[in-house]
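Notes to accompany the following structure.
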């Protein structure tokens, strides 16, 4: 937290220890930016460099007493080179149309979100889904937020919520049709955001936290090179890791 002391306008609040949503045998503590703090794009970008993430209206970071399992990750987009499987995934989804939209507070988006949570995360904290949950989690759009929907012949198959930072892009969340398994839509949406960040001249795509013991996060290591925040320094994962 030493670097945060230089950001005089930032006040941190901490939760009490609570059951960890990823590692069931551990307790978690989360620090978050005081909601009364004005957060512009510059401050948001700086906090992202320090490992903070956005959820709804909050910027937060795990700060557990005896655990450092949550590791912030990002992709240096200009250095990224897709592997064979990622190239196949890109080609497989060449028929999709990507559209930026103003809002995802619609029945169509909620129905897709609910099916995604029910099929992919029925064992997690977000189950069961609700319309209010979607609104609290993804619909409080900041001035940096973009909604991108992906359609196959007009049918909505995926939605990505993305925040544009000063020098990077933050992949907030993606939900997609769980029946379209052959498409690899989760990976495709990351590939799309990497390309988008390049087109905008940005340096990095932030992917959130990686936890080694959590199989659902293993995909983040497949986008090489990937950088991880260890302590106060971002370091690149070697090809051998």
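Numbering (this note's numbering), first residue to last: 197 to 437. The beta carbon of each residue, even a glycine, is placed where N, CA and C say it ideally should be.
(1) Are at least three pairs of beta-carbons, each pair with one atom in the region 327-345 and one in the region 221-241, less than 8 Å apart?
(2) My understanding is that residue 310 touches residue 325, with C-beta atoms under 8 Å, so please give their C-beta distance in whole angstroms.
(3) Express the C-alpha separation of residue 266 and residue 213 in angstroms, rounding to a whole number.
(4) Just mark residue 412 as buried or exposed, buried being the case when its beta carbon has 16 or more other beta carbons within 10 Å.
(5) Tell me which residue opens and which closes the beta strand (DSSP E) that residue 293 is part of.
(6) Quick check: the Cα distance between residue 448 and residue 368, rounded to an integer number of angstroms?
(7) I'd like to know whether the C-beta atoms of residue 241 and residue 364 end up nearer to each other than 9 Å.
(8) Any idea if residue 253 is buried or exposed, counting beta-carbon neighbours within 10 angstroms, 16 or more meaning buried?
(9) Using only the alpha-carbon positions, how far apart do residue 272 and residue 216 sit?
(10) Below 8 Å on the Cβ atoms is my contact criterion, and I expect residue 228 with residue 255 to pass it. Report the Cβ-Cβ distance as a whole number of Å.
(11) Secondary structure at residue 286, three-state DSSP: helix, strand or coil?
(12) Would you mind working out which of 342, 231 and 371 sits nearest residue 359, comparing C-alpha positions?
(13) With distances taken Cα to Cα, identify the nearest neighbour of residue 345 among 384, 375 and 404.
(14) Between 209, 264, 208 and 244, which has its C-alpha nearest residue 407's C-alpha?
(15) DSSP three-state label for residue 314, please.
(16) Exposed or buried, what is residue 231 when buried is set at 16 or more other beta-carbons lying within 10 Å of its beta-carbon?
(17) Pull up the DSSP beta-bridge partners for residue 404, would you.
(18) Please state if the CB of residue 371 and the CB of residue 433 are separated by a distance shorter than 9 Å.
(19) How would you write the range of the beta strand (DSSP E) that residue 209 sits in, first residue to last?
(20) From residue 197 to residue 405, what does the alpha carbon distance come to, in whole angstroms?
(21) What residue does the beta strand (DSSP E) around residue 430 start on, and which one ends it?
(22) Identify the continuous beta strand (DSSP E) that holds residue 393 and give its terminal residues.
(23) So, with DSSP's three-state summary, where would you put residue 327?
Checking against the coordinates, here is how it stands:
(1) yes
(2) 4 Å
(3) Using only the alpha carbons, I get a separation of about 15 Å.
(4) exposed
(5) 293-297
(6) Because residue 448 is not part of the residues shown, which for the chain are 197 to 437, the question remains open.
(7) Contact: yes.
(8) exposed
(9) 29 Å
(10) With a Cβ gap of about 6 Å, residue 228 and residue 255 count as contacting.
(11) helix
(12) 342
(13) Residue 384 is the option with its Cα nearest to residue 345.
(14) 264
(15) helix
(16) exposed
(17) As computed with DSSP, residue 404 is found in a beta bridge with 269.
(18) no
(19) 208-210
(20) Note that residue 197 scores a pLDDT of 36, beneath 50, so its modelled location is shaky and nothing firm can be said.
(21) 429-432
(22) Looking at the DSSP string, residue 393 is not in any beta strand (DSSP E); the run it does join, the alpha helix (DSSP H), is 381-395.
(23) helix
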